[in-house]
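One structure below.
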């Protein structure tokens with residue numbers, strides 16, 4: 007049984023967006039750790055380690071000893087620290103790993119979204135611990151999320167990559183794509199990263215043409231979703247078919263085709279903006 011809602015009123019409510027944390031969490035600079043005991047956001051890859059009982063799933067609370075940690079802020083009013091557990095480190099007794107990327111996650115939306123923040127921070131820290139200018143070690147900047155080189159003083163801030171994801175429609179049909187590594191028969195939307203000088207609408211139009219050979223226009227914004235795998239923001243659109251026939255870019259895709267809105271294949275899980283865009287489009291058809 008999933009810990010997530012079956013329906014989302016807007017993209018703001020989707021998992022991994024910070025709005026899902028509501029009043030449970032306040033992000034603070036890693037340099038203002040107040041010390042003492044607190045909650046542990048323990049991650050092993052895409053798994054969050056939690057205390058799980060029949061009644062509830064919660065973060066463990068206590069001291070974390072010699073495990074290196076990063077202060078994230080306050081969870082339910084108490085300090086919350088991020089800890090990466092490598093594969094060879096035993097899972098602490100009483101904790102159970104639950105997946106962040108499961109189609110129907112057992113984690114409640116608040117912990118799923120907090121785990122996503124932790125994933126992004128760990129990904130960024132691994133790529134910013136040394137200066138990109140001179141190669142020397144960096145340290146946390148005081149009072150904000152950034153790192154400063156101890157040698158040359160260069161500042162580095164989190165790299166979050168914008169990605170357009172777009173549903174192309176024509177009367178009674180939608181254009182869907184498939185990658186070989188996805189679950190059998192699962193299709194999703196055209197998506198790709200923004201390039202230099204592009205608006206995100208231009209990114210959507212270019213990716214449609216490159217991946218499928220289809221020409222589209224009238225690109226309309228739907229909403230966005232933080233996607234911490236590893237560090238994207240997915241910006242969602244709907245576009246209209248103008249012309250062309252499907253020609254699949256086999257370096258990117260396994261398949262692309264038009265589907266009747268009354269006969270769709272397996273779709274992405276409801277926790278994704280791809281599914282939100284599709285469901286919203288179907289409701290409006």
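Numbering (the working numbering), first residue to last: 7 to 291.
Heads up, the beta-carbon is just placed ideally off N, CA and C, and yes, glycines get one too.
Keep in mind the model is a prediction, meaning the values are calculated, not measured.
Among the residues of its own chain, which have a CB less than 7 Å from the CB of residue i, if the five just before and after it don't count?
i: residue 288; result: 267
i: residue 222; result: 174, 211, 214, 245, 246, 247, 248
i: residue 147; result: 153, 154, 161
i: residue 105; result: 52, 53, 111
i: residue 224; result: 245, 246
i: residue 23; result: 119, 231, 232
i: residue 254; result: 218, 261, 262
Cβ of residue i within 8 Å of Cβ of residue j?
i: residue 162; j: residue 217; result: no
i: residue 214; j: residue 172; result: yes
i: residue 196; j: residue 283; result: no
i: residue 47; j: residue 89; result: yes
i: residue 78; j: residue 123; result: yes
i: residue 170; j: residue 138; result: no
i: residue 101; j: residue 57; result: yes
i: residue 45; j: residue 20; result: no
i: residue 231; j: residue 17; result: yes
i: residue 185; j: residue 259; result: yes
i: residue 55; j: residue 114; result: no
Can you find the residues in the same chain that come closer than 8 Å, C-beta to C-beta, to residue i, ignoring five residues on each side of it along the sequence?
i: residue 28; result: 116
i: residue 72; result: none
i: residue 3; result: Outside the displayed range of the chain (7 to 291) lies residue 3, so it cannot be described from this structure.
Which whole-angstrom value describes the C-beta separation of residue i and residue j, a residue pair presumed to lie in contact below a C-beta threshold of 8 Å?
i: residue 168; j: residue 239; result: 6 Å
i: residue 272; j: residue 192; result: 4 Å
i: residue 34; j: residue 80; result: 7 Å
Rounding to the nearest angstrom, what Cα-Cα distance links residue i and residue j in this structure?
i: residue 194; j: residue 69; result: 43 Å
i: residue 85; j: residue 119; result: 17 Å
i: residue 166; j: residue 62; result: 32 Å
i: residue 38; j: residue 130; result: 19 Å
i: residue 31; j: residue 204; result: 34 Å
i: residue 237; j: residue 177; result: 35 Å
i: residue 112; j: residue 15; result: 21 Å
i: residue 145; j: residue 40; result: 18 Å
i: residue 290; j: residue 276; result: 17 Å
i: residue 9; j: residue 53; result: 15 Å
i: residue 25; j: residue 121; result: 14 Å
i: residue 179; j: residue 270; result: 9 Å
i: residue 202; j: residue 226; result: 21 Å
i: residue 149; j: residue 36; result: 8 Å
i: residue 67; j: residue 128; result: 20 Å
i: residue 136; j: residue 60; result: 44 Å
i: residue 256; j: residue 159; result: 45 Å
i: residue 208; j: residue 99; result: 51 Å
i: residue 76; j: residue 250; result: 51 Å
i: residue 83; j: residue 12; result: 29 Å
i: residue 132; j: residue 93; result: 16 Å
Looking only at its own chain, which residues have a Cβ that is under 6 Å from the Cβ of residue i, when we skip the five neighbours before and after it?
i: residue 125; result: 234
i: residue 157; result: 140, 142
i: residue 189; result: none
i: residue 2; result: In the structure displayed, the chain extends from 7 to 291; residue 2 sits before or after that span and is not available.
i: residue 74; result: none
On the DSSP bridge assignment, give the partners of residue i in chain order.
i: residue 97; result: Per DSSP, none; premise fails for residue 97.
i: residue 168; result: 239
i: residue 197; result: 171
i: residue 53; result: 50, 105
i: residue 229; result: 242
Taking CB distances under 8 Å as the criterion, tell me whether residue i reaches chain C.
i: residue 270; result: Among the chains in the structure shown there is no chain C, since it carries only a single protein chain.
At a cut-off of 7 Å, is residue i close to the ligand MN when judged by its beta-carbon and the heavy atoms of the ligand?
i: residue 189; result: Absent from the structure shown: the ligand MN. Ligands present: none.
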